[in-house]
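*Asks:* The structure under discussion is supplied below as structure tokens; questions concerning it will follow.
In the UniProt record's numbering, the protein residues as written are 1 to 122.
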């Protein structure tokens, strides 16, 4: 909802694009202030320079890559705090189990939750 009115479907895409551009700008600013060029950052997060460029321009890339860049630039903690405050105490990140999981996948998911969310995943 925006101004207590539902967001129209065509506006959702515009808001998402605007958000991606703003995040890209913040990443570019933080990278430059850290004295890194795109190639340096790409090497640190094990991706290509062109992927860093796409992120900084607000273009589509894998969310895992964006999270890795945010973590490398020490911006992920701030983003996590913001997401947590938006959750308003709800555990919206709780994954719905759609079927049986292998023991290995379940263990990886629980490790992820403990590391990133401070949750046991049980």
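C-beta: ideal position from N, C-alpha, C; glycine also.
It should be emphasised that the depicted structure is a prediction, and the values quoted were computed from it without experimental measurement.
(1) In angstroms with no decimal places, state the Cα-to-Cα distance between residue 53 and residue 25.
(2) Helix, strand or coil for residue 40, going by three-state DSSP, please let me know.
(3) If you follow the alpha helix (DSSP H) that residue 15 is part of, which residue opens it and which one closes it?
(4) Using 8 Å as the threshold, is the stretch 54 to 61 in touch with the stretch 12 to 25, meaning 3 or more CB pairs across them?
(5) By the 10 Å Cβ neighbour count, where 16 or more other Cβ atoms means buried, how is residue 73 classified, buried or exposed?
(6) Please list the terminal residues of the continuous alpha helix (DSSP H) segment that includes residue 57.
*Replies:* Checking against the coordinates, here is how it stands:
(1) Distance between the alpha carbons of residue 53 and residue 25 is about 11 Å.
(2) Helix, per DSSP.
(3) 9 to 33 is the span of the alpha helix (DSSP H), which, as asked, contains residue 15.
(4) Short answer: they touch.
(5) By the 10 Å Cβ count, residue 73 comes out buried.
(6) Unbroken run through residue 57: none, as it is neither H nor E.
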